[in-house]
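Student: Residues in the sequence shown are numbered consecutively from 98, following my numbering.
The C-beta atom is built at its ideal place from N, Cα and C for all residues, glycine as well.
For reference, the structure I am asking about is given below.
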Amino acid sequence: MAPQPNVNRSMPDCSIIIPVLGYTDVVAAIGYLTKTFGFTERWRTGNHRAQLSFGNGAIAITDATSPIPQHLMVRVADVIAHHDHALEQGASILQPGKNSKYRCTKFRCYFDPFIH
């Protein structure tokens, strides 16, 4: 089956929440996590970002110097409605919603008032 254009293949169908973990050495972290805990490398972008899967879950590995090295990616059916609701409830929006080339819309905010 040929890949569909503009489909975000980095977000596994089974994963609703993907933790993103920052490491000072992404390549070493991938090696350690795959060898020690049995993760499987799904994809990698250079030496600064990768996604690993385990069963029907996934984690993303990113460079610790990223602006937000530890966070959660959360899949929702209507991200604009989710964004608007979070804003109405007082969430601190770090990055306003925007469309990406993969036809998904995203925004970044603090998960809760405690900076998570």
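(1) Give me the Cα-Cα distance between L130 and I177, rounded to the nearest whole angstrom.
(2) State the Cα-Cα distance for the pair S150 and P164, rounded to the nearest angstrom.
(3) How many Å lie between V117 and I156 at the Cα?
(4) Just curious, the alpha helix (DSSP H) that V124 is in, first and last residue?
(5) Which of the three DSSP states, helix, strand or coil, is assigned to I177?
Tutor: With the structure as the only source:
(1) Taking the sequence shown and counting its residues from 1, one reaches residue 130 at position 33. Taking the sequence shown and counting its residues from 1, one reaches residue 177 at position 80. C-alpha separation (whole angstroms): 34 Å.
(2) Position 53 of the sequence shown, counted from the first residue, corresponds to residue 150. Position 67 of the sequence shown, counted from the first residue, corresponds to residue 164. The alpha-carbon separation between S150 and P164 amounts to approximately 24 Å.
(3) Numbered from its first residue, the sequence shown carries residue 117 at position 20. Numbered from its first residue, the sequence shown carries residue 156 at position 59. So the two alpha carbons sit approximately 6 Å from each other.
(4) Residue 124 sits at position 27 when you count from the first residue of the sequence shown. Bounds of the alpha helix (DSSP H) holding V124 are 123-134.
(5) Position 80 of the sequence shown holds residue 177. Looking at I177 - three-state DSSP - the assignment turns out to be helix.
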